[in-house]
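Numbering (numbering that gives the first Met the number 0), first residue to last: 0 to 538. Note that beta-carbon positions come from the ideal geometry of N, C-alpha and C, so glycine has one too. Below is one structure, written out as C-alpha cells; comments come after it.
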Amino acid sequence: MSKFYVTTAIDYPSGLPHIGHLYEKILADTYARWYRLQGDQVYFLTGTDENGQKLQKAARDQGFSSVQEFVDRNAGVFLNLSEQANISYSDFIRTTEPRHQQVVTDVWHKLWDQGDIYQGEYSGSYCYGCEQFISPSQVLHQDGKNICPVHLTELTELSEDGYYFKLSRYQDKILSHLTHHHEFIFPETAYTDILTRLQAEPLKDLPISRKNQGWGIPIPQDQNYVIYTWFDALINYYTPTVSGAMPQHVWPSDVHVIGKDINWFHSVVWPGILMALNLPLPKKIFVHGMILDQDGRKMSKSLGNIICPMELMASFPLDTLRYIFLRSVPSGKDGKVSAQLIARAHNGELANELGNLVSRVIKLALKKNLAVIPPLLMTQLSQTNSEESLALYQPTFIDCCHLLMAQYRHDQVMNHLFAEISELNIGMNRIQPWSLAESEPKLQAVLYTLIIRIYLFAYFLQAFLPDTATRIFHVITAKYPQNQNSTTQVKDILAMMTSRQKTQDTSYLPTFYLRSPDPLFRKINLESTSCQAELNAGS
RNA sequence: CGCGGGAUGGAGAAGUCUGGUAUCUCGUUGGGCUCAUAAUCCAAAGAUCGAGGGUUCAAAUCCCUCUCCCGCAACCA
Numbered sequence: 000m001s002k003f004y005v006t007t008a009i010d011y012p013s014g015l016p017h018i019g020h021l022y023e024k025i026l027a028d029t030y031a032r033w034y035r036l037q038g039d040q041v042y043f044l045t046g047t048d049e050n051g052q053k054l055q056k057a058a059r060d061q062g063f064s065s066v067q068e069f070v071d072r073n074a075g076v077f078l079n080l081s082e083q084a085n086i087s088y089s090d091f092i093r094t095t096e097p098r099h100q101q102v103v104t105d106v107w108h109k110l111w112d113q114g115d116i117y118q119g120e121y122s123g124s125y126c127y128g129c130e131q132f133i134s135p136s137q138v139l140h141q142d143g144k145n146i147c148p149v150h151l152t153e154l155t156e157l158s159e160d161g162y163y164f165k166l167s168r169y170q171d172k173i174l175s176h177l178t179h180h181h182e183f184i185f186p187e188t189a190y191t192d193i194l195t196r197l198q199a200e201p202l203k204d205l206p207i208s209r210k211n212q213g214w215g216i217p218i219p220q221d222q223n224y225v226i227y228t229w230f231d232a233l234i235n236y237y238t239p240t241v242s243g244a245m246p247q248h249v250w251p252s253d254v255h256v257i258g259k260d261i262n263w264f265h266s267v268v269w270p271g272i273l274m275a276l277n278l279p280l281p282k283k284i285f286v287h288g289m290i291l292d293q294d295g296r297k298m299s300k301s302l303g304n305i306i307c308p309m310e311l312m313a314s315f316p317l318d319t320l321r322y323i324f325l326r327s328v329p330s331g332k333d334g335k336v337s338a339q340l341i342a343r344a345h346n347g348e349l350a351n352e353l354g355n356l357v358s359r360v361i362k363l364a365l366k367k368n369l370a371v372i373p374p375l376l377m378t379q380l381s382q383t384n385s386e387e388s389l390a391l392y393q394p395t396f397i398d399c400c401h402l403l404m405a406q407y408r409h410d411q412v413m414n415h416l417f418a419e420i421s422e423l424n425i426g427m428n429r430i431q432p433w434s435l436a437e438s439e440p441k442l443q444a445v446l447y448t449l450i451i452r453i454y455l456f457a458y459f460l461q462a463f464l465p466d467t468a469t470r471i472f473h474v475i476t477a478k479y480p481q482n483q484n485s486t487t488q489v490k491d492i493l494a495m496m497t498s499r500q501k502t503q504d505t506s507y508l509p510t511f512y513l514r515s516p517d518p519l520f521r522k523i524n525l526e527s528t529s530c531q532a533e534l535n536a537g538s
C-alpha cells in the first residue's frame, strides 16, 4: 500500500472565498478520493494562511480591535466552504497555530545556523499609507515619480535592514531539477514559463522579514521583525508531517494543487527552501487554470462578474458543480463557467444521459420481473458480447484511467467514463431488450451486462461525483459469492474479468439486486436559473 | 522589441510537436424507437481552421510579418 499526499494552496482569509477556491478544493478532493479508491493511504491538507500585514490592515479597516478575532472568523468561513462542499480533507492547517509556528521557527534556526539566512539591507519604494514597500511591478509611474497604486501618493525611496534567504545559492540546483524532471510542473505551459524565467536572469535572494507590527511569526533572534508571510506559508505543507498530525514518511508531498499566480513560489522558492533544508522536493506542482466568466474574462470585483461559491452551491447540486469543474474545465487550462452552462450540462449530460440510463435499465428489469439478476454462464454472456458488441467489460478501460489520472488529466478520465454511458445507451437501442420475452436468457444476459457496467462506472465515479455514485449504489446493490467487503470486491472483479474473460467461469461475479429508482438528477429550468451574483452583475 | 498562452462550422473545444480527404460536444433540421427523467438512437445541413506572405506535390499543422484577446512579470498574499 502506498501513500498519496495532496495539498491545496492555503487560502488568505482577508476576504470572502471565490469560485477559484472551490475549484481548487474540488480538484484536490477528486485526486484524494481517486487514490483512496485504489487503497492508498491518502493525506489531504488544506487550510488558511493567516499571517501578513494585509490581514492586519483588513482587520483594522473592518473595525476589529483584535486581528486574531478577525482571522478566526474568516478562517471559519473558509473551513465552512470545505465542509459545505464535502471536501474530504484529512487535516486543516491554520498558520497561526502553535504547531506551525514551531516548525517555522525550527526551520528559521536551521537555515540561520547554516548561513542560508543573512542580514542585509532592502531598498525600494515605500508607501507610508500602506506602511509597506510596493513591489516594482505594482508601482505606477507618473511625471517621473513613483506612485502608490492604492493611495495614488508619491512613494519614498527607503532602505531598511532585513533578513534574506539565500535563494541564489540554489539557482543551479533548481534549474537542474527542472531540466531533469520535466514532469515536475504540470501543465507544460506552466513548466516552460518557469524555466524560461529562470534561464533569463539570475535568481535574487528573497527578503523574508517585515517590520514587526504586532502580527506574524516573530524572528527568533530579533523581535523587531516578523517572518515574511510567503516564507512561512509555504512551510505549511511540511508542518503536519513533523508535528505529529501525519506520519513522517508522508513527506514529500505527491502534489501541490495551486493556481498559476503562485506558480513561481511553488516551483522556485519552495524547492529552494527544501533544498536548503536538505528535504526531498514535492513530486509535482499541479497548476490549474482559472475559472472565467461566460465571455472568457477573469472574474473580478471591478467587472462585477463574480460568482460566489456559496450561492453556486445553493443553486446547484454539488455533483453538478463538480461535473462542470472536472470535465468542462480542461485540466491545467482556463475554463468558462456560468449558470447557463452548468444548467445545460446538468440537464443534458447528467439528467438525460446518465440519470435516464440508470432509470431505463432498472425500470426495464423490474418490468420484466428481474429485480434480482444472478450472473449467467459465460457462454450466454459472451453471446451478447459477440453478437451485439455489448461487451461485459473492456480491459483497457481501467489502465487508461489510471494512466490519465497519473498524468493529471482528470478531464479526459471523465470523458472515458461518460463514454461508457453513451455506449450503453447506444447498445441498448441496438439490442432493444424491451422486445425480448421474460423467458429468453438473452434478456437476462443483456440486462446483466448493462447493470454490471453501470455498477463499475459508479465505482470509478466515486472519485468524481461521490454523491451520485452513492445513489447509484443505493438502487443497484451487489451480493458477492464470498462475503467480502465490496470495495476490495470490485477490485477483485476487475482483476478476474481481465484474467478470466476467455474462460467459462462466472462464479466470481456478483448477483445484483435492483430497487425502483428516483431520478438521479432533476431537471433545472433554464429560464429561471441564475445565480444571485450574476443578477447583481446586471448581465 | 520583457516572458508565455490563445484565435478552428451558430456556441464551446480536439487536432498543431511527428504536414496528407477537418474531429467531438451542444445547438439546428429530418427520421427511427417506446424500456426510460418529452428522455434515448440514427441521419443531414453547416468551417476558404484570425489576416497576409513563404516553403512543399500537399499546410489548421513548418517559416516570416501583422491584428486582436488573455495571463504572468518574483519583496501583495
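Query, Result
"So K165 is in the alpha helix (DSSP H); what residue range does that whole segment cover?", "Here K165 belongs to no alpha helix (DSSP H), and DSSP marks it neither H nor E."
"Buried or exposed: where does Q55 fall if 16 or more other Cβ atoms within 10 Å of its Cβ makes it buried?", "buried"
"To which residues does DSSP link S208 through a beta bridge?", "I226"
"For the alpha helix (DSSP H) that contains R32, what are its first and last residues?", "18-36"
"Within 10 angstroms of its Cβ, does A364 collect 16 or more other Cβ (buried), or is it exposed?", "buried"
"Given that a residue counts as buried once 16 or more other Cβ atoms are within 10 Å of its Cβ, and exposed if not, what is R521?", "exposed"
"With respect to the alpha helix (DSSP H) encompassing L464, which residues constitute its N-terminal and C-terminal limits?", "Taken as a continuous stretch (DSSP letters only), L464 belongs to no alpha helix (DSSP H), as it is neither H nor E."
"Any idea what DSSP makes of S1, helix, strand or coil?", "coil"
"Is it the case that the CB of A84 approaches a heavy atom of the ligand HEM more closely than 8 Å?", "Absence of the ligand HEM from the depicted structure is noted, as is the absence of any ligand whatsoever, leaving it without description."
"I'd like to know if the region 425-439 and the region 455-463 are in contact, where contact means that at least 3 CB-CB pairs between them fall below 8 Å.", "no"
"For M289, which residues from the same chain have a beta carbon less than 6 Å from its beta carbon, with the 5 sequence-adjacent residues on both sides left out?", "D333"
"Could you check which residue in W33, H17, L26 has the C-alpha nearest to that of K2?", "W33"
"Quick check: the Cα distance between H248 and Y237, rounded to an integer number of angstroms?", "11 Å"
"Who are Q595's beta bridge partners in DSSP?", "Residue 595 lies beyond the residue range present for the chain, which begins at 0 and ends at 538; the question has no answer from this structure."
"Going by CA-CA distance only, name the one from T104, M274, R59 that's closest to D221.", "T104"
"Could you check the C-alpha separation between A313 and L320 for me, to the nearest Å?", "11 Å"
"Use the C-beta contact count for K283: other C-beta atoms within 10 angstroms, 16 or more gives buried, fewer gives exposed.", "buried"
"Compare the beta carbon distance of Y125 and I133 with 9 Å and say whether it is the shorter of the two.", "yes"
"What separation, rounded to the nearest whole angstrom, lies between the Cα atoms of P219 and L36?", "44 Å"
"Would you kindly check if the distance between the Cβ of A344 and the Cβ of L110 is under 9 Å?", "no"
"Just list the residues that DSSP pairs L513 with in beta bridges.", "I475"
"Cα separation between D192 and S89?", "32 Å"
"Compare the C-alpha of V256 against each of G62, T7, D112, K366 and name the closest.", "T7"
"Have a look at S515, M495, G14, D171 and flag the residue whose alpha-carbon is nearest the alpha-carbon of Q61.", "G14"
"With H, G and I counted as helix, E and B as strand and the rest as coil, what does DSSP make of E96?", "coil"
"V5: which of G51, R59, S87 sits nearest, CA to CA?", "S87"
"What does DSSP give as the partner residue(s) for H255 in the beta ladder?", "T6, I284"
"How far does the alpha helix (DSSP H) with Y190 in it reach, from first residue to last?", "187-199"
"DSSP three-state call for Y117: helix, strand or coil?", "strand"
"What would DSSP say about T155, mapped onto helix, strand or coil?", "strand"
"In the DSSP assignment, the alpha helix (DSSP H) including P239 goes from what residue to what residue?", "238-241"
"Check the C-beta distance from Y227 over to P206 and give it rounded, since I have them as a contact under 8 Å.", "7 Å"
"If you drop the 5 nearest sequence neighbours on each side, which residues of the same chain put their C-beta closer than 6 Å to that of I420?", "E352, L353, L356"
"Using only alpha-carbon positions, find the residue among T188, L233, F396, G119 that is nearest to M539.", "Here the chain comprises residues numbered 0 to 538, so residue 539 is not present and cannot be evaluated."
"Just the C-alpha distance for G426 and Y512, rounded to the nearest angstrom, thanks.", "22 Å"
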